[in-house]
Amino acid sequence: MYIKRHIEDTVKKASKMFGCVMVTGPRQVGKTTLLKTVTQGITYVTLDDPIMLQSALEEAGTFFKNSPPPVFVDEIQYAPNLFPYIKMYIDKDRKKGQFYLSGSQQFKMMKNVSESLAGRIGILNLLGLSLREINGVEFNTPFIPTEQYFRERKMDMAEPEYKEIWEIIYRGSMPEMYAYNDMDWQMFYGAYTKTYIELDVRELTQIGDEIKF
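With the first letter of the sequence shown counted as 1, position 50 gets the number 994 in my numbering; the numbers rise by one all the way through.
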């Protein structure tokens, strides 16, 4: 079950302003699902696929000839060597919305982006579900401390009950926890934390004792 994200409209707006749009954020917050929803009908490539990753790393010069824009490249952080070629395509053809990228490992990736695609890319950060998204509330006006704002927000969003607040705190904001109501949150976050430490944190620093960390 897809939960509509309020950032959808922002992604569409950015695609009309930049040749490339990138969505970054933590693992499993819905980056791939979001961009697949927004970019229906264009070529989709995931670098989680070993064959596609090998092609991107070893044949970067011809990668976008086989998967020409407009294209959505998922998990772009695995092949940062593609950024200069994306720049070349954008500089050659100034059309907007040619490339859509997603990536989880922001620290390593952003260095390559800033060096290669400055001024050519719109970068959006996706986090977990907001309370409005969890409750399916369409109201997504940015916060402005005015009487009209509070009046409209109150009309569109009911106050959660005490029990619901604690349930939301325990379940967190990961989309998968709300797409599947029978998901065990303790098991989910245990596996999530383990993956985060083993894959993401180890790329940034050395951890001697994972339990203490």
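A virtual CB, placed ideally from N, CA and C, is assigned to each residue, including glycine. All figures in this text were calculated on a predicted structure; none of them were measured in a lab.
Do you know how far the Cα of residue j is from the Cα of residue i?
{"i": "Asn1025", "j": "Leu1001", "result": "7 Å"}
{"i": "Asn1056", "j": "Asn1010", "result": "23 Å"}
{"i": "Tyr1136", "j": "Tyr946", "result": "20 Å"}
{"i": "Gly1116", "j": "Thr1006", "result": "42 Å"}
{"i": "Ile1088", "j": "Val967", "result": "25 Å"}
{"i": "Gly1041", "j": "Gly1063", "result": "14 Å"}
{"i": "Met1032", "j": "Thr1139", "result": "35 Å"}
{"i": "Met1054", "j": "Thr976", "result": "18 Å"}
{"i": "Phe1027", "j": "Gly974", "result": "23 Å"}
{"i": "Leu991", "j": "Ile1065", "result": "20 Å"}
{"i": "Lys1039", "j": "Glu1003", "result": "24 Å"}
{"i": "Glu1082", "j": "Gly985", "result": "25 Å"}
{"i": "Glu1059", "j": "Met1131", "result": "39 Å"}
{"i": "Ile1034", "j": "Pro1012", "result": "12 Å"}
{"i": "Gln998", "j": "Ala1023", "result": "9 Å"}
{"i": "Ser1046", "j": "Tyr988", "result": "11 Å"}
Could you check how far apart the C-beta atoms of residue i and residue j are, in whole angstroms? I think they sit under 8 Å.
{"i": "Leu1068", "j": "Val955", "result": "6 Å"}
{"i": "Met1118", "j": "Gln972", "result": "6 Å"}
{"i": "Gly969", "j": "Leu1070", "result": "4 Å"}
{"i": "Glu1019", "j": "Leu978", "result": "No, Glu1019 and Leu978 are not in contact; Cβ-Cβ is about 14 Å, not under 8 Å."}
{"i": "Ile1030", "j": "Phe1016", "result": "With 8 Å as the limit, Ile1030 and Phe1016 do not qualify as a contact, their Cβ atoms being about 12 Å apart."}
{"i": "Trp1110", "j": "Met1121", "result": "Trp1110 to Met1121, Cβ: 14 Å. No contact."}
{"i": "His950", "j": "Arg1076", "result": "7 Å"}
Please name the residue or residues paired with residue i in a DSSP beta bridge.
{"i": "Ile1065", "result": "Cys964"}
{"i": "Phe1043", "result": "Cys964 and Val1015"}
Could you give the DSSP three-state label for residue i: helix, strand or coil?
{"i": "Val973", "result": "coil"}
{"i": "Thr987", "result": "strand"}
{"i": "Leu978", "result": "helix"}
{"i": "Asp999", "result": "According to the sequence provided, residue 999 is Ser. The question's Asp does not apply to it. In the structure shown, Ser999 sits in a helix (DSSP, three-state: H, G or I)."}
{"i": "Glu952", "result": "helix"}
{"i": "Thr1090", "result": "coil"}
{"i": "Phe1027", "result": "helix"}
Would a check of beta-carbon distances place residue i closer than 9 Å to chain B?
{"i": "Val1081", "result": "In the structure shown, chain B does not exist; there is a single protein chain."}
Quiz item: Should the segment 950-964 be regarded as contacting the segment 1123-1135, the criterion being three or more beta carbon pairs within less than 8 Å?
Solution: no
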